[in-house]
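**Student:** Residue numbers (the working numbering): 433 to 1151. Dropping a structure here in structure tokens format, bear with me for questions.
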Amino acid sequence: MRILVPYQWRRLGVNLIRGFLAAPFIYNRILPLLRGNATEAVIKSSRRGDFYESVTLLPHIPHHEIEQILNQPVGEAEKARPDIICFSIIDWSFRYQRPQQLMSRFAADGHRVFYIKPSRFLSKASSQHFSATFIKKNILEIEITGTKDFDIHQGPLEGENLNHALLSLDELRRRFNINDAMSYIMIPFWHDLAMETKKKWDWRVVYDCMDDWDTFPGINKAVTACERSLSMASDLVVVTARRLFDKLRPYNPNTLLVRNAADFRFYQENCRPNDLLHNMGTPVIGYFGAIADWFDIDLMVEVARLRPQYTFVLVGGIFDVDISELRALPNVRLTGQKPYEAMPQYLYHFDACLIPFKINPVTEATDPVKLYEYFSGGKPVVSVRLPELEDYKEYLYLADSAEEFAGKIDQAISENAPDRTARYLELASRHTWEERCSLIETNLKSRAPLVSIIIVTFNNLALSRLCLESLFRSTDYSNYEVIVVDNNSSDDTRSFLTEISRLEKNLKIILNDVNYGFAKANNQGLEISSGDYLVLLNNDTIVPPGWLSRLMRHLQDPQVGMVGPLTNFVGNESKIKATYRTWAEMEEFSQNLIWVNDLKIADIHMLAMFCVAMRRDVFEQAGPLDEQFGIGMFEDDDYSLRIKRLGYRLICAADCFVHHFGQAAFGKLINEGRYDSLFNENRARFENKWELKWAPHQNVNLEFNLHDISRPPTVNSGP
């Protein structure tokens, strides 16, 4: 449950950045902090990125670097993850609970978390669009701008405040290169803002409902009125209690029960001997958590009077309740608010733990976090009969009255079944925040359209390794498969692919015994693909962060049949001048380019197949690549023409860049003087097929315009 009282703020960490800082500074100084690269303040990442980021791309890879690439150990690449913009109900520095636990776990899994501070906005008169405070690796707390004071419990966010919040988020995504992302909503106050992020930027929306807001004290009806539409429009609704599931499931079939949990490892490591409650002299009956409206003070007073031989230690802040009678009891000790880090130390001294809540509509929809934390210390728990504890009744001492409650405490501290502690610990070990986050991620991933990425290889192992490394580390889209088709390479490509396919769960390989050429090999990959979206990617490419999300975003337009990126090497208008040398410089070049050209596209007469993306329905209409073009050349001209004649647009996305080494597959043909003859043969095939004269591609400037792909969010049908 959340505490709805004036916040007691304190700063965690140092203020590292301001929204007005230049993008190059943020890229070079701040992004490494989020990604965990060399800094004393952040644990270094295990990512094998240092070597790859220094690889020379232009004008070409030196021979000694090729040897270094080939000598890199084969291992599972560190995966990019979608960013999470958390619209919480409490500031990070407030009492450490579900919002911070989930976001910490997501950050540990590699997601960048931008935790929007809900207590206040920056003034619109500020010279900055947002401010960011470093919390820990992969987590920043963000203050966005607004026009006036607000209260997330009274809401909703609308008008000028909504507009300024959107401007702040737009600046945030540009500065931190946020592409594939989810808006993680924890109270309906953020409804309108979440819908705008979904409509404008295609961010998925997760609504995490922790309480029954209709019955929660202090929540205005204007906030609760938004909950139904938020639930219906969310990609995933997460609830903590069965009662909340029954309430929201009718509005969205994608509703998932994800109860609270504990940081089991943290409690195991820190529930150790200490001096916090030494020399108490009596059994210690403990509670930690808020002492607020839902805490049954009358019950606690009566139980303490019934058992004067016990010391009752209540650890937690006191919020808008009269505790004078409780405080007057000689065997009750109220510690006040204590840091989360101290909870295992207090727990060590507890002989039994309490959940003394009132039974009312608020608590009937509550899954107490403290239950899992108590069990993480192996402690017996005495509780009132909350509906959400029904699943754990065989582990609990449940009571319906003060007399029974006191008796259950006696029983809890006197019983000493040899396996009791082990049972508690085993239960807690199955209910961890890691498990909860994995459940959320798995369900959200399964609801994202699958993308199949087809790559054809023939020798050039060093380039293939760079391509796959970049693919796994830069593709932040969550649901994709990679299919590599090898055309009988004579170097170590086949053994490398076999080895890495054992490590990467979403990688499939086809090893041909002959070189079938570009078209047929791609068709082999397409035939076994399962994706709703299809990408053909050359093995002599390196993809930067955000590449796939941006291509897919343009395919939301039903008029677009196929889309490709800008690049440094191609024989048509998609080519631009590259000003980088190394991999790291290429990523910075790409980041600056894509945000200047955000959502800009141009119609183009042909897309080269070093990198193209299409929807499956378009592919099924156009059919497989024409295999008469053999080893390669003109199959991309042919396919582009086929798609255009189906009535679709071919577009070049100016907000997506992919590095292309170029001519890797044809180098040997060029050296042997066979390239021109193959070119002429396939040109003749193309002209005969279409009964037209092929016109050489023109390297002219494309006319880019904004692509209007904003659309109302998909809404699930409610009752």
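Ideal placement from N, C-alpha and C gives every residue a C-beta, glycine not left out.
Taking the alpha carbon of W633 as the reference point, which residue from G810, Y806, D644, D612 has its own alpha carbon closest?
**Tutor:** That would be D612, whose Cα lies nearest to the Cα of W633.
**Student:** Mind checking E1135: buried by the 16 CB within 10 Å criterion, or exposed?
**Tutor:** Result: exposed.
**Student:** Using 8 Å as the Cβ pair cut-off and three pairs as the minimum, do the segment 1053-1070 and the segment 1003-1021 touch?
**Tutor:** Flag = no, the segment 1053-1070 and the segment 1003-1021 do not touch.
**Student:** Buried or exposed: which applies to V914, given that a residue is buried once 16 or more other Cβ atoms fall within 10 Å of its Cβ?
**Tutor:** V914 should be labelled buried.
**Student:** Under a three-way DSSP split, which group does V506 fall into?
**Tutor:** Looking at V506 - three-state DSSP - the assignment turns out to be coil, as it is neither helix nor strand.
**Student:** What's the C-alpha gap between L594 and F553?
**Tutor:** If you take the alpha carbons of L594 and F553, they lie about 11 Å apart.
**Student:** What is the DSSP secondary structure of P997, counted as helix, strand or coil?
**Tutor:** P997: strand per DSSP, three-state reduction.
**Student:** Taking just the CA atoms, how far does A849 sit from A834?
**Tutor:** Each residue's Cα considered, the two are about 25 Å apart.
**Student:** Looking only at its chain, what residues have a beta carbon closer than 6 Å to the beta carbon of I1141, apart from the 5 residues adjacent to it on each side?
**Tutor:** Within the same chain, I1141 has close Cβ partners Q988, D989.
**Student:** Please state whether the Cβ-Cβ distance between G718 and C641 is less than 7 Å.
**Tutor:** Taking 7 Å as the Cβ cut-off, G718 and C641 do not qualify as a contacting pair.
**Student:** Could I get the ranges of all uninterrupted alpha helix (DSSP H) runs contained in the segment 518-560, with 4 residues as the minimum, in chain order?
**Tutor:** As far as the segment 518-560 is concerned, its whole alpha helix (DSSP H) runs of at least 4 residues are 530-540.
**Student:** Say the cut is 6 Å; is the CB of D624 nearer than that to a heavy atom of the ligand FMN?
**Tutor:** Of ligands this structure carries none, so the ligand FMN is not represented either.
**Student:** Under the DSSP definition of a beta bridge, which residues are partnered with Y639?
**Tutor:** Its beta-bridge partners are I617, V669.
**Student:** Within its chain, find whatever has a CB closer than 7 Å to the CB of G963; leave out the 5 residues flanking it on each side and keep chain order.
**Tutor:** Answer for G963: L882, V883, S884, E913, R1048, listed in chain order.
**Student:** Using CA atoms only, rank isn't needed, just tell me which of I1036, Q991, E820 is closest to K1007.
**Tutor:** Answer by Cα proximity: I1036.
**Student:** Mapping the DSSP letters down to three states, classify V1050 as helix, strand or coil.
**Tutor:** It is helical.
**Student:** May I ask which residues mark the beginning and end of the alpha helix (DSSP H) holding T853?
**Tutor:** T853 -> alpha helix (DSSP H) spans 852-861.
**Student:** Would you mind reading off the limits of the beta strand (DSSP E) that contains N595?
**Tutor:** Careful: N595 lies outside any beta strand (DSSP E), inside the alpha helix (DSSP H) at 591-607.
**Student:** Under the rule that 16 or more other beta-carbon atoms within 10 Å means buried, what is A565, buried or exposed?
**Tutor:** For the sequence presented, residue 565 should be read as Thr rather than Ala. Per the 10 Å Cβ criterion, buried.
**Student:** Within its chain, find whatever has a CB closer than 6 Å to the CB of E485; leave out the 5 residues flanking it on each side and keep chain order.
**Tutor:** These residues qualify, in order along the chain: W1015, A1016.
**Student:** Is it buried or exposed for N684, if we count other Cβ within 10 angstroms and need 16 for buried?
**Tutor:** N684 should be labelled buried.
**Student:** Quick check: what's the CA-CA separation for A733 versus R530?
**Tutor:** This sequence places Val at residue 733; Ala is not what is there. If you take the alpha carbons of V733 and R530, they lie about 29 Å apart.
**Student:** According to the neighbour-count rule (16 or more other Cβ atoms, all chains shown, within 10 Å of its Cβ), is W984 buried or exposed?
**Tutor:** Note that residue 984 is Met in the sequence shown, not Trp. Its Cβ being crowded by 16 or more others within 10 Å, M984 is buried.
**Student:** Going by other Cβ atoms of all chains shown within 10 Å of its Cβ, with 16 needed for buried, is G578 buried or exposed?
**Tutor:** That one is buried.
**Student:** At which residue ranges does the segment 778-842 contain complete beta strand (DSSP E) runs of 3 or more residues, listed in the order of the chain?
**Tutor:** Listed in chain order, they are 784-787, 813-816, 829-831.
**Student:** To the nearest angstrom, how far is the alpha carbon of K937 from that of R681?
**Tutor:** K937 and R681: Cα-Cα distance of roughly 32 Å.
**Student:** Is the beta carbon of A1177 sitting closer than 7 Å to the one on I498?
**Tutor:** Outside the shown range of the chain (433 to 1151) lies residue 1177, about which nothing can therefore be said.
**Student:** I'd like the span of the alpha helix (DSSP H) that includes Y1071, first residue to last.
**Tutor:** Here the alpha helix (DSSP H) through Y1071 covers 1067-1077.
**Student:** For V735, which residues of its own chain have a beta-carbon under 6 Å away from its beta-carbon, when the five flanking residues on both sides are left out?
**Tutor:** So the list reads A834, F837, A838, once near-sequence residues are dropped.
**Student:** Going straight from the alpha carbon of Q700 to that of S808, what length do you get?
**Tutor:** Computed Cα separation, rounded: 7 Å.
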